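Protein chains in written order, with my numbering: chain H, 1 to 348; chain P, 1001 to 1317.
We put the beta carbon where it would ideally sit given N, CA and C, even for glycine.
Here the structure is a predicted model, which is why all the values come from computation and not from measurement.
Here is the structure we will look at.
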Amino acid sequence: MHNEPRILKYTEALREATEQAMAEDPSVFVIGLGVSYKNGADGTTAGLKELYPERVLDVPVSEDAFTGMAVGAAIHGMRPIVHHGRVEFALFAADHICTQAAKWNYMFGGNNPVPVVFRINVGRQWGNGPQHTQSLFGLFGSVLGLKVVIPSSPYMAKGLLRAAIKDNNPVVLLESRWVFPVKQEVPEEAYELPLDKAHVVQSGNDLTVVAYGDGVIAAREAIELIGDQVDVELIDLVSINPIDEETIHASLKKTGRLLTVDTTSASFSIGSEVAARALRMSDVTFRTTPGMLSCPDVPCPTSTALSEAYYPTKVDIANAILAQCGKDQITKELTFEELHLPPTHTIV
Amino acid sequence: MSTRLDAFRRMTLLRIAEEETANLYLRDKIMSFVHFYVGQEAVAVGVSDSLMSNDRAMGNHRSHGHYLAKGGDLRRMLCELLGKAEGSSHGKGGSMHMIDRSAGFTGSTPILGSIVAIAAGSAFEQKHNATGDVTVAYVGDGGSEEGGVYETMNLAALFKLPLLIVVENNLYSVNSKLLDRRSKEYSVEGVVRNLGLAYAKADGNNYDDVRSKATALLEGVRAGKPAVLECLAYRHMAHSAPIFDDAQGYREEDVLERRLAEDCLKKMKARLLEEGSSEEVFSDIENEIRTHVLEEIAYAVAAPYPSPETLYTDVYA
C-alpha cells in the first residue's frame, strides 16, 4: 500500500472542520462578511454556500448586529460560527463577545450555555499597517467567560475548531493570518483537540520557550538555526484562556530558564502574563532572569522599511535563546522574502 | 382568550410587586440597582396578551414587568432582587438580569439595545426550525438610539425574521429629553419603515390600544415581516430609584398630575366600570394580590443567601 500524505493548508483545515461539523449538525451555521463567496473568508468557507445555502450567511458590515444575532441564536440552541476577517472590525461587536456571550451563563446562574464560535483573524500581513494588523491577544485573554485558543498549525486549526464548535461556551479562535499558507499533514477524519492544554512541540532541558500562533513557527525556525548548542523545550501555549500552567510548571522545574515570544507589543502581553505566573511558582528555581521577546510598544507600521524592525525574527529569537544560556550570538542576513512574506512550508 | 379583568389582575400584580419592592428597597434590603416599571404596565401586559405561549420575550434593565407579564415566577424574581440562592439567577444577576425560560422570558441585559440583536438571533432560530413562533425584544427610547438597533432592524428585514421590537418611549433616556437627543425632524416611523419593517404607534398608557396594535403587527411578524411597536408611556418614578423625582425639574409633558390622570391602571378601571365591574371587585383583587406579594416577599427575605463557594461556579456552562 502506498499512501500519499494528505497535506492541507491552514485555511483548508479550517474549512474541512467547518464542513464536517455542518454535515453532522444542522444547528451549525456560518455568518460573516463574504463567507458565501467562492473563496469566502480566505478560503475557509469556500464552497459551503453551495452545500448549505440556508446556513452560510453573508451579512452587511454590521458587526454589532450580526454578532449579536449569532449570540442570540446560540442562546436558543444553535451553534453559530461567526467570522471576523479582522479583529479591528470584531471590536464593533465587543459588547456581544465580551459582555453578552461571555457573561450570559454566569449572570443567569448557570444552565444558560452560549455555544458560539468567534473566528477572528489577527496579526501580521504585509503592508497592512496600524489598523489592520493588531492582535489584541491580551485583551481577549482578559475577558472572563471566553475560552480563547490560537491555532498555530493546520492540524491544530482543524482539531481546535471542531472542539470549539462542540463546546457549550463561547470560544474565540484567534487565527494568525501569517500562518494561513502553512501546510501540514491533516487526517481526513474529524478529530478534536483540547481547548485548555498547551502543546510541547519539542522537549529539552536547557530552556523553556513559550510561544503561540505565528510565534511558534518563528521559534521552530530559530531552534533549527541554533542546532545542538542549546537543548530547548518549546511550548506552544495553544490556549490563553485558560493558560495551562501545569505544562509550563513541569517544564520550568526541569529547565529553570524561560523565554516568552510575543508577535505583538510587549505591554499587557501574553508573555508578561506567563512570566508573572512563572515567577509565582515557588518551587521553580530560575537560573537566569526570564527573557521576553516581543514587538516594541508602538503600533505596527506599513512601510517594509519600518515593519522590518517590528516583528521578532528567527534570528532575534535564536539570539535571545543563546543569551539566556550564556552562548555567543549569531549573525545572519535575512532575505526580503523571509522578512516580509508569510511562510509557506510544510510542517513535519 | 383572556378577559380585560384578567389583564387588570396582571397589571395590578406588576404594580403591587414593584410598590412592595420599592418599600423593600427603601428599607435597604436590596443592595443593587432597581429600575422601576411603575406606569408602563399596560405595555408589557398588552404585548404579552397578544402572544402565544411558545413565543419568547427578552428585555432590558427595566424588565420586572416584562418578566411577570410573560408569566415569570414571582418568588424567584423576588429572591433574585434580594440576592438569594433561590433567585432565578441564584443571586448572580439581580434586578437587571431577569430570566425564566420556562415562561418563555429568555433573558434581559442592561446593555440596552444589545437585546434587540440577541432577540433577532432567537427569531433566527425560530425561523430556521420553522416553529411558527415569534420573539419580542423590549427596548426603551434611549436604548433604541444605539447603532446596533438600526443594524438589527436591517438584518431582521433582510432575513425576514419573526421579530417584534417593542420600543417603550417614556420620553427620557435617564433624564435626557427626546429633543436633547434627536432633531425635530427625527421620525421613528420613517426610520423603521424605510428599513423595511412594519410600524405602529400605540398609547402605552392604554392596555387595549397596545394589545390591539400588537396583535395586528404580530400577524405580519409571524409571516416574516418584522415590526416595531412604539408605545408612548409614562415612567412614574425616577430612572433607577423608587422615588418620585419631579423636584429635579426635567419633566415637561409628564408632570405628576398628568401621569396620575393618564395612569394605565386608572384608565383600565374606568373601562371596566363601563363594562359593569365595581370598585369592590378592584379592591378585592388588589387586596388578594398584595397579600400574595407580601407573603412571597416574606419568603424571599427569610430565604438563604447563596454560599460563598458559588462565586466560582457557572463561569462556564
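{"Asked": "Report the neighbours of N1154/P on chain H: residues whose CB is nearer than 8 Å to its CB, in chain order.", "Found": "P60, S62, A65"}
{"Asked": "Given this structure, state the Cα-to-Cα distance separating M972/P from A1137/P, to the nearest angstrom.", "Found": "Within the shown structure, residues of chain P are numbered from 1001 to 1317, placing residue 972/P beyond reach of any answer."}
{"Asked": "Using the three-state DSSP reduction, which class does M1001/P fall into: helix, strand or coil?", "Found": "Reliability of the predicted coordinates at M1001/P is poor, the pLDDT of 48 falling under 50, and no value is obtained from them."}
{"Asked": "Where do the N-terminal and C-terminal ends of the alpha helix (DSSP H) with Q229/H fall, by residue?", "Found": "Looking at the DSSP string, Q229/H is not in any alpha helix (DSSP H), and its letter there is neither H nor E."}
{"Asked": "For M1058/P, report the span of its beta strand (DSSP E) as first-last.", "Found": "1056-1059"}
{"Asked": "What is the DSSP secondary structure of R257/H, reduced to helix, strand or coil?", "Found": "coil"}
{"Asked": "Would you mind working out which of G145/H, I120/H, Q125/H, I243/H sits nearest L161/H, comparing C-alpha positions?", "Found": "I120/H"}
{"Asked": "Is it buried or exposed for W199/H, if we count other Cβ within 10 angstroms and need 16 for buried?", "Found": "Sequence check: residue 199/H is His here, not Trp. By the 10 Å Cβ count, H199/H comes out buried."}
{"Asked": "Classify N349/H as helix, strand or coil using the three-state DSSP reduction.", "Found": "Nothing about residue 349/H can be read from this structure; chain H reaches only from 1 to 348."}
{"Asked": "Taking all protein chains shown into account, decide if T11/H is buried (16 or more other Cβ within 10 angstroms of its Cβ) or exposed.", "Found": "buried"}
{"Asked": "Expressed to the nearest angstrom, what Euclidean distance is found between the alpha-carbon atoms of R1004/P and A1042/P?", "Found": "11 Å"}
{"Asked": "At which residues does the alpha helix (DSSP H) containing A1120/P begin and terminate?", "Found": "1114-1128"}
{"Asked": "Which term fits A1302/P, buried or exposed, when burial requires 16 or more other beta carbons within 10 angstroms of its beta carbon?", "Found": "exposed"}
{"Asked": "Quick check on D1314/P - is its C-beta less than 8 Å from some C-beta in chain H?", "Found": "yes"}
{"Asked": "From the beta carbon of K1092/P, is the nearest beta carbon of chain H less than 8 Å away?", "Found": "yes"}
{"Asked": "Tell me, which residues are paired with E175/H by DSSP?", "Found": "N121/H"}
{"Asked": "Are G213/H and S152/H closer than 8 Å when you measure CB to CB?", "Found": "yes"}
{"Asked": "Beta-carbon separation of I321/H and L259/H under 8 Å?", "Found": "yes"}
{"Asked": "Going by DSSP, what residue range makes up the alpha helix (DSSP H) through F1033/P?", "Found": "From DSSP, F1033/P is part of no alpha helix (DSSP H); its letter is neither H nor E."}
{"Asked": "R79/H lies in the beta strand (DSSP E); which residues open and close that run?", "Found": "79-84"}
{"Asked": "Do you know how far the Cα of E175/H is from the Cα of M1001/P?", "Found": "With a pLDDT of 48 at M1001/P, under the threshold of 50, the modelled position of that residue is not reliable, and the figure given next carries that caveat. Their backbone Cα atoms lie some 54 Å apart in a straight line."}
{"Asked": "For L293/H, I'd like the list of residues in its chain whose CB is within less than 8 Å of its CB, leaving aside the five on either flank, ordered along the chain.", "Found": "L259, T260, V261, D262, G271, P312, D316, I317, A320"}
{"Asked": "Would you say M78/H reaches chain P, if we count a Cβ-Cβ gap shorter than 8 Å as a contact?", "Found": "yes"}
{"Asked": "What residue does the alpha helix (DSSP H) around L48/H start on, and which one ends it?", "Found": "48-51"}
{"Asked": "For M1204/P and E1230/P, I'd like the C-alpha separation in whole angstroms.", "Found": "Note that residue 1204/P corresponds to Gly in the displayed sequence, not to Met. For G1204/P and E1230/P, the distance between alpha carbons rounds to 8 Å."}
{"Asked": "Using a C-beta to C-beta distance shorter than 8 Å, which residues of chain H count as neighbours of G1107/P?", "Found": "I75, W104, F108, N112"}
{"Asked": "Where DSSP assigns a beta bridge to E1230/P, which residues make up the other side?", "Found": "V1167/P, K1201/P"}
{"Asked": "Closest to L1026/P by CA distance: which of L1260/P, K1267/P, P1242/P, V1038/P is it?", "Found": "P1242/P"}
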